[in-house]
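So the sequences go chain by chain: A and B. When we follow the numbering used here, the leftmost residue of the first sequence carries the number 329, and every step to the right adds one. When we follow the numbering used here, the leftmost residue of the second sequence carries the number 5, and every step to the right adds one.
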Amino acid sequence: MTPRTVEDRLREEYALLSPEIKRVLHQLRTDVTYLLLPVTLSLRHHERIQVEARVKECDSAIDSLRRRQEERVFDKKSPSKYSLTHLPDLVGARVFVFPRSLLDRVHTLVRTRYEDWTSDPVESGTPTKLLARKYHGFCATSVNIRAEIQIMSLLTGLFWRVEHGTLYKPRDAALKGASKKVAIGNRVNRVYAAFDGFENALQLELENDVGRSSDLAHP
Amino acid sequence: VIAMTTEIFEDARMTELLDIERLLESSGYRYHCANMHYVNRATKQVFSIEFLEKHSLQEFQKLLEAPLTNEWIFHFNEPPSDWVRGELIRILEK
Chain A
329 MTPRTVEDRL REEYALLSPE IKRVLHQLRT DVTYLLLPVT LSLRHHERIQ VEARVKECDS
389 AIDSLRRRQE ERVFDKKSPS KYSLTHLPDL VGARVFVFPR SLLDRVHTLV RTRYEDWTSD
449 PVESGTPTKL LARKYHGFCA TSVNIRAEIQ IMSLLTGLFW RVEHGTLYKP RDAALKGASK
509 KVAIGNRVNR VYAAFDGFEN ALQLELENDV GRSSDLAHP
Chain B
5 VIAMTTEIFE DARMTELLDI ERLLESSGYR YHCANMHYVN RATKQVFSIE FLEKHSLQEF
65 QKLLEAPLTN EWIFHFNEPP SDWVRGELIR ILEK
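Laid out in structure tokens, this is it:
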């Protein structure tokens, strides 16, 4: 009989954990959405807060665990040392916010509820620029499954949908390693700078509009 | 002041990491995307990304000047087990 590989054991673990994973997903999505209800209900027409939650698919979780090993190879002589419960993001929620001026308020509301979770911000460039606030920990419904919350600007989040599939986790061999190229890195940083420029200009327009409105109210 | 000092240290470390990457590439190392290791098949040496992040440019300069052996050397923070070592050599010599 063919011996079971580490991957086989992890697939079995995923199946066994599946009901617990679904409970964590449900709790995380509901908690975060509820926490943000007051600010969501008071949004203006152009403002957005979107909450998305997901569970890592089985093969993606196994790959992620493999990438977290320094050797990037599972030691088949020590299969018991690997567990999907070691992943910090088996379940994840992303909160997309637009415009950026709402980020601090959203972060404060969420962080207050999850203040004991471990912070692991996503930063980029030199000098470093904060791209997303990120923290991980356990929901009340499970002591096994770690969950992660990311809070970021909607523009960055939409860009990541393209950038992550293309550069960060490419399927196309030609694109592997592209994210490490300085030329690509510089272009990516220019995208973030353009987002900043757009949001700054928008903020200025909104502030000017407040000024204009108060001028009309008190001529 | 603490935040600014931390930022300066982080920027300096980022610059040092880029210098280490340049040093490795100019010494014949190539980045192995799937394994996230810097590999030099001629000198049979491998550096993990985690090892890069924990060591200074000076330490790398010393390591690269060390006499060569005909054995594969894996510069990892945690030395790989014999089975993993064998598997990595099989992948690298394929």
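Every residue gets a Cβ at the ideal spot worked out from N, C-alpha and C, and that includes glycine.
Counted within 10 angstroms of its Cβ, other Cβ atoms place residue i as buried (16 or more) or exposed
i	result
residue 412 (chain A)	buried
residue 525 (chain A)	exposed
residue 383 (chain A)	buried
residue 74 (chain B)	exposed
residue 329 (chain A)	exposed
residue 347 (chain A)	exposed
residue 474 (chain A)	buried
residue 557 (chain A)	Residue 557 (chain A) is absent from the structure shown; chain A starts at 329 and stops at 547.
residue 468 (chain A)	exposed
residue 531 (chain A)	exposed
residue 483 (chain A)	buried
residue 493 (chain A)	exposed
residue 422 (chain A)	buried
Limits of the alpha helix (DSSP H) - the one that residue i falls within
i	result
residue 392 (chain A)	386-395
residue 402 (chain A)	From DSSP, residue 402 (chain A) is part of no alpha helix (DSSP H); its letter is neither H nor E.
residue 439 (chain A)	431-441
residue 354 (chain A)	334-363
residue 63 (chain B)	61-69
residue 90 (chain B)	86-96
residue 54 (chain B)	53-58
Residue i: first and last residue of the uninterrupted beta strand (DSSP E) it sits in
i	result
residue 79 (chain B)	77-79
residue 481 (chain A)	474-481
residue 42 (chain B)	41-44
residue 462 (chain A)	457-466
residue 451 (chain A)	450-452
residue 380 (chain A)	376-383
residue 421 (chain A)	419-426
residue 35 (chain B)	34-36
Partners in chain A for residue i, counting only beta-carbon separations shorter than 9 Å
i	result
residue 92 (chain B)	399, 400, 401
Beta-carbon neighbours of residue i, restricted to chain B and to distances below 9 Å
i	result
residue 405 (chain A)	85, 86, 87, 88
Interface residues of chain A facing residue i [CB-CB closer than 7 Å]
i	result
residue 52 (chain B)	398
At a cut of 8 Å, does the stretch 399-416 of chain A reach the stretch 361-371 of chain A through at least three beta carbon pairs? no
Do three or more CB pairs link the stretch 79-92 of chain B to the stretch 43-53 of chain B at distances below 8 Å? yes
If contact means a Cβ-Cβ distance below 9 Å, which residues of the stretch 62-81 of chain B contact chain A? 78, 80, 81
Does the stretch 381-398 of chain A come into contact with the stretch 436-446 of chain A, if we say contact requires no fewer than three beta-carbon pairs (one atom in each stretch) closer than 8 Å? no
Spell out a yes or no on whether the stretch 343-358 of chain A and the stretch 424-431 of chain A are touching, meaning 3 or more CB-CB pairs, one atom from each, closer than 8 Å. no
Between the stretch 28-49 of chain B and chain A, which residues of the former have CB atoms less than 8 Å from a CB of the latter, in chain order? 35, 37, 38, 39, 40, 41
Does the stretch 54-72 of chain B come close enough to the stretch 368-382 of chain A to have 3 or more Cβ pairs within less than 8 Å? no
Do the stretch 443-461 of chain A and the stretch 13-33 of chain B meet, that is, are 3 or more Cβ pairs less than 8 Å apart? yes
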